[in-house]
Amino acid sequence: MKKIIFSITLIFMILSFTACDSDVDLPEMTEEEYPRILGRWPELTDGGELGQFDAQAGQEFELELMFTPSNLCEGIWYLDGVEYTRGTIFRYYSSTAVSHHLKLVVTTPKYSTSREALLVVK
């Protein structure tokens, strides 16, 4: 009986000194990565026209997207061809019904990508 208890104790002691390897090899993002825009964006219509975001007059419209590689990307939001804001969040408020052309351009030091849609305030 003492041998069994000793063996079990020895096994537990040996296992308690072993450790799992917690080093995870994560991919390193570099300038060579093509920028990606993550989040919801309206698809083109069947006729090939831009998709649209719908907003209500008198309420703030907010859209938040993520970009990768995040440490190398910059997002610039254009409203009717004019730079409106920078970053991952687009906020817009209108008290009247109006339609705008919304464009997001995400750039890294080497590459660029963009998305376009209509912003329709009703």
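With mature numbering (1 follows the signal peptide of the UniProt record, and there is no 0) applied, the sequence shown covers -21 to -1, 1 to 101. Cβ coordinates follow ideal geometry from the N, Cα and C atoms, glycine included. Fair warning: this is a prediction, and the values are worked out from it, not measured in the lab.
Expected contact under 8 Å - CB spacing of residue i and residue j to nearest Å
i     : j     : result
PHE32 : LEU83 : Wrong, their Cβ atoms sit about 11 Å apart, outside the cutoff.
Spatial distance of residue i from residue j (CA atoms)
i           : j     : result
VAL85       : GLU53 : 6 Å
SER73       : GLU10 : 38 Å
ARG65       : PHE46 : 12 Å
residue 106 : LEU58 : Outside the displayed range of the chain (-21 to 101) lies residue 106, so it cannot be described from this structure.
MET8        : PRO48 : 6 Å
Among the options, nearest to residue i - alpha-carbon criterion
i     : options                            : result
GLU39 : GLU7, ILE68, SER93 and SER(-6)     : ILE68
GLU95 : ILE16, ASN50, THR(-13) and THR87   : ILE16
SER91 : TYR63, VAL100 and TYR13            : TYR13
LEU42 : GLY27, PRO21, SER78 and LYS(-20)   : PRO21
HIS80 : VAL61, ILE(-18), ILE(-8) and THR24 : VAL61
CB contact flag (residue i, residue j, <9 Å)
i     : j     : result
VAL77 : GLN35 : no
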